[in-house]
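Taking it in order: structure first as structure tokens, then the write-up.
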Amino acid sequence: VWILPLPGLWSVRLVASFGLFLLALQIACGDVSYSFPEEMKRGSVVGNIAKDLGIEVGKLGARKARIDADGNSKRYCDINLSTGDIIVADRIDREGLCGKKASCVLKQELVLENPLELHSISVHVQDINDNSPQFKKNTIKFEIGESAPKGSRYRLDEAHDADVGQNAIQGYSIEANENFRLNGGGRKHSELVLVKELDREQEKELKLVLTAVDGGSPQRSGTATIHVTVLDANDNAPVFSQAIYKVSLPENSPVDTVVVTVSATDADEGPNGDITYNFDHLSEDHVSLFSLDHKTGEIRVVGSVDYETETSIELRVRAKDGPGLTSYSTVILDITDVNDNPPVISLKSLTNPIPENVSPGTEVGIINVQDRDSESNRQVRCTIQQGAPFNLVPSIKNYYSLVTTGQLDRELVSDYNITITATDEGSPPLSSSKTVQLSVADINDNPPVFEEQSYSAYVSENNKPGSTLCSVTARDPDWRQNGTVIYSLLPGEVNGAPVSSYVSVNGDTGVIHAVRSFDYEQFRSFKVQVMARDNGSPPLSSNVTVSVFVADQHQRAGCSQCLTKLVSGQIEQLIFVYSMFLRPEVPENVVYTLIPYFFNF
Numbered sequence: 001v002w003i004l005p006l007p008g009l010w011s012v013r014l015v016a017s018f019g020l021f022l023l024a025l026q027i028a029c030g031d032v033s034y035s036f037p038e039e040m041k042r043g044s045v046v047g048n049i050a051k052d053l054g055i056e057v058g059k060l061g062a063r064k065a066r067i068d069a070d071g072n073s074k075r076y077c078d079i080n081l082s083t084g085d086i087i088v089a090d091r092i093d094r095e096g097l098c099g100k101k102a103s104c105v106l107k108q109e110l111v112l113e114n115p116l117e118l119h120s121i122s123v124h125v126q127d128i129n130d131n132s133p134q135f136k137k138n139t140i141k142f143e144i145g146e147s148a149p150k151g152s153r154y155r156l157d158e159a160h161d162a163d164v165g166q167n168a169i170q171g172y173s174i175e176a177n178e179n180f181r182l183n184g185g186g187r188k189h190s191e192l193v194l195v196k197e198l199d200r201e202q203e204k205e206l207k208l209v210l211t212a213v214d215g216g217s218p219q220r221s222g223t224a225t226i227h228v229t230v231l232d233a234n235d236n237a238p239v240f241s242q243a244i245y246k247v248s249l250p251e252n253s254p255v256d257t258v259v260v261t262v263s264a265t266d267a268d269e270g271p272n273g274d275i276t277y278n279f280d281h282l283s284e285d286h287v288s289l290f291s292l293d294h295k296t297g298e299i300r301v302v303g304s305v306d307y308e309t310e311t312s313i314e315l316r317v318r319a320k321d322g323p324g325l326t327s328y329s330t331v332i333l334d335i336t337d338v339n340d341n342p343p344v345i346s347l348k349s350l351t352n353p354i355p356e357n358v359s360p361g362t363e364v365g366i367i368n369v370q371d372r373d374s375e376s377n378r379q380v381r382c383t384i385q386q387g388a389p390f391n392l393v394p395s396i397k398n399y400y401s402l403v404t405t406g407q408l409d410r411e412l413v414s415d416y417n418i419t420i421t422a423t424d425e426g427s428p429p430l431s432s433s434k435t436v437q438l439s440v441a442d443i444n445d446n447p448p449v450f451e452e453q454s455y456s457a458y459v460s461e462n463n464k465p466g467s468t469l470c471s472v473t474a475r476d477p478d479w480r481q482n483g484t485v486i487y488s489l490l491p492g493e494v495n496g497a498p499v500s501s502y503v504s505v506n507g508d509t510g511v512i513h514a515v516r517s518f519d520y521e522q523f524r525s526f527k528v529q530v531m532a533r534d535n536g537s538p539p540l541s542s543n544v545t546v547s548v549f550v551a552d553q554h555q556r557a558g559c560s561q562c563l564t565k566l567v568s569g570q571i572e573q574l575i576f577v578y579s580m581f582l583r584p585e586v587p588e589n590v591v592y593t594l595i596p597y598f599f600n601f
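Here the UniProt record's numbering is used: the first residue of the sequence shown is 1, the next is one more, and so on.
Here it is, written out as structure tokens:
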């Protein structure tokens, strides 16, 4: 879709294309292109990406829409979630970002989550005329022999303009004079042409103003003074052995590494043929990286060369003979990558805690992995520690989904420390790790469980109401309210009366109390059902049977008579009865009640 330019505004070009990615429900959609001038104010609107991609503005916030920088570049754009507008997030200086490149394109990405969706955004930064032409020196000096013939040409130093295209230097001009004119006043290689022989006896030196102009609107210009000193014959300029030197240089090359040796010759003899070498228009960044031997032309590494900063470097070298004739050559350095950057793991989103009943295959997090190196050095493999019920599933581009692979159980493992390792394919490979902490949230999936399958309580008749019969205990491994146990009696009858009229249970402790006094002649035993229920939603419960035995108070008197009737075959029964006496939790009357049953009295 093309949006035609309006008067006074820059045109915006929008290209949108959509492609179906291989993974279901996760789509890497098409590209969007915006074109606008550099140095726009922060917050300036450059387009509406929601409209351009057909995304409902209301869903941008819910889907956690954001602008991420592609690779490791800076994020220059942002998104207004309320309107869907793409706005300028930071100052954009085309010269600082792209230098003299004709096209300056920034790569940004629109990321939508739930489901994950990715759109590439190409930002074409247009140049504005914010830089004036500048000469390296305010004065350009020549020493020209008076015997120089008409038509002699002298290469002028170039001016530098950081802008590009029409905003760059368009031409040069020189003030009117009778000795020189300007030839080839284009952007490069302007020459001073001698149109009238010099006469040192009449004029020893000349000063002319050289002007460089660009094609911007309004037009900018820069000036330098040409200072010509008239000398006797030096009619040969240095000549380089190569117009262009091309060299391959690995990044991180050691300091003092020889990059290349440039060489120029001069046909003149003596001082007129002595050549010195210098860099021409070397940027401040490159000054700290390379040195040039003025006598030998040897270029050496003096700083840290980084492929991730620049993949190609162009150095311009000037050869000058004794009187001042010069020539130029270009050294092009192709910087090659070495594996010096480990992968960087970023946790983009994480669901924490996760319920213990999530299904296997549930996505709980999104991981992004970046490596600043190139080619195989930036190819990354991601692995996850063994033993944890989680796995990494490749998603879009360099994104991975962290998913569950098995059933979780908080009662067995409540927290996980998941270590993710990313390793590149460089030689030797580099790796990095990141630990993701995940907690498992409890659900009410365990009912209370009594410690005993059944309970027995022994009490003498004519007991006091409120006396303790026994206690029951149930355990629930769930968390907090899901594991809080409450005890209660289940409805039932004893001799036609509600069981609650005979016993009660403490809901918090499980202690069972007698509500009334019991009569052995009325009943000797009865059973009650106790329920243990947790506080989950919905609650879970379990039941247990408690048997209550009532002992006769008059059994003690006949006990001695019973024991005199023991025969040798009843020794084991006697030992058992004696052990019952030794157990403090069993009342004596209960033991007396049991004796007749054991010895058949």
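Positions of the beta carbon are idealized from the N, C-alpha and C atoms, including for glycine.
For the 9 angstroms CB-CB criterion, Val440 and Asp409 form a contact. The C-beta of Ala212 has 16 or more other C-beta atoms within 10 Å across all chains shown, which makes the residue buried. Where Val287 is concerned, the enclosing alpha helix (DSSP H) starts and stops at 284-287. Residue environment for Val255: exposed (fewer than 16 other C-beta atoms within 10 angstroms of its C-beta).
Unbroken beta strand (DSSP E) runs of no fewer than 3 residues, entirely contained in the UniProt domain "Cadherin" (451-563), are found at 454-460, 468-471, 485-489, 503-505, 511-514, 525-534, 541-551, following chain order.
In this structure, the beta-carbon distance from Val228 to Lys141 falls below 9 angstroms. By the CB criterion at 9 angstroms, Pro448 and Arg480 fall outside the cutoff.
Per the DSSP secondary-structure output, Val105 pairs in a beta bridge with His124. If you check the CB distance, Asn417 and Asp442 do not come in under 9 angstroms. According to DSSP, residue pairing for Asn272 in a beta bridge does not occur.
For Glu451 and Thr473, the gap between their C-alpha atoms comes out near 6 angstroms. Less than 9 angstroms separates the beta-carbon of Gly84 from that of Leu60. Nearest neighbour of Glu425 by Cα position, chosen from Asp163, Val193, Val338, Phe279, turns out to be Val338. Between Pro37 and Asp127, the gap from beta carbon to beta carbon is short of 9 angstroms. Ala267 sits in coil when the DSSP states are folded into three classes, being neither helix nor strand.
Closest in alpha carbon position to His281, among Pro323, Ala176, Val331, Asn352, is Val331. Counting only the Cα atoms, Val46 lies some 40 angstroms from Lys137. If you draw a 10 Å sphere on the C-beta of Gln453, you find fewer than 16 other C-beta atoms in it, and that means exposed. When secondary structure is reduced to three states using DSSP, Arg94 falls in the helix class. Excluding five sequence positions before and after Ala267, the CB atoms of its chain that fall closer than 6 angstroms to its own CB belong to Asn236, given in chain order. Note that the C-beta distance between Cys382 and Val364 is not below 9 angstroms. Scanning the region 408-432 from its first residue to its last, the whole beta strand (DSSP E) runs of 3-plus residues come out as 415-424.
Within the model, the alpha-carbon separation for Lys64 versus Lys348 is close to 11 angstroms. If you draw a straight line from the Cα of Ser542 to the Cα of His513, it is about 20 angstroms long. Non-local C-beta neighbours of Ala159 in its own chain, meaning closer than 7 angstroms and more than five positions away in sequence, comprise Pro133, Gln134, Phe135, Ile169, Ala212, Gly222, ordered along the chain.
One thing to note: Pro323 has its Cβ no nearer than 9 angstroms to the Cβ of Glu205. With a minimum length of 3 residues, the unbroken runs of beta strand (DSSP E) contained wholly in the UniProt domain "Cadherin" (136-240) fall at 139-145, 153-155, 169-174, 180-183, 191-194, 205-214, 221-231. Using a Cβ-Cβ distance cut-off of 8 angstroms, the region 496-504 and the region 513-522 are in contact, since at least three pairs of beta carbons, one from each stretch, lie closer than that value. In this structure, Leu106 lies away from Ile366, with their beta-carbon atoms at least 9 angstroms apart. When secondary structure is reduced to three states using DSSP, Arg381 falls in the strand class. Taken atom to atom, the span from the alpha-carbon of Pro238 to that of Thr276 is near 10 angstroms. Here the region 419-437 makes contact with the region 341-355; the two share three or more CB pairs at distances below 8 angstroms. Counting only runs that start and end inside the region 304-334, the beta strand (DSSP E) elements of at least 3 residues fall at 312-320. Judged by DSSP in its simplified three-state form, Glu56 adopts coil rather than helix or strand.
At the C-beta level, Thr351 and Ile384 stay beyond 9 angstroms of one another. Per DSSP, reduced to three states, the secondary structure at Lys51 is helical.
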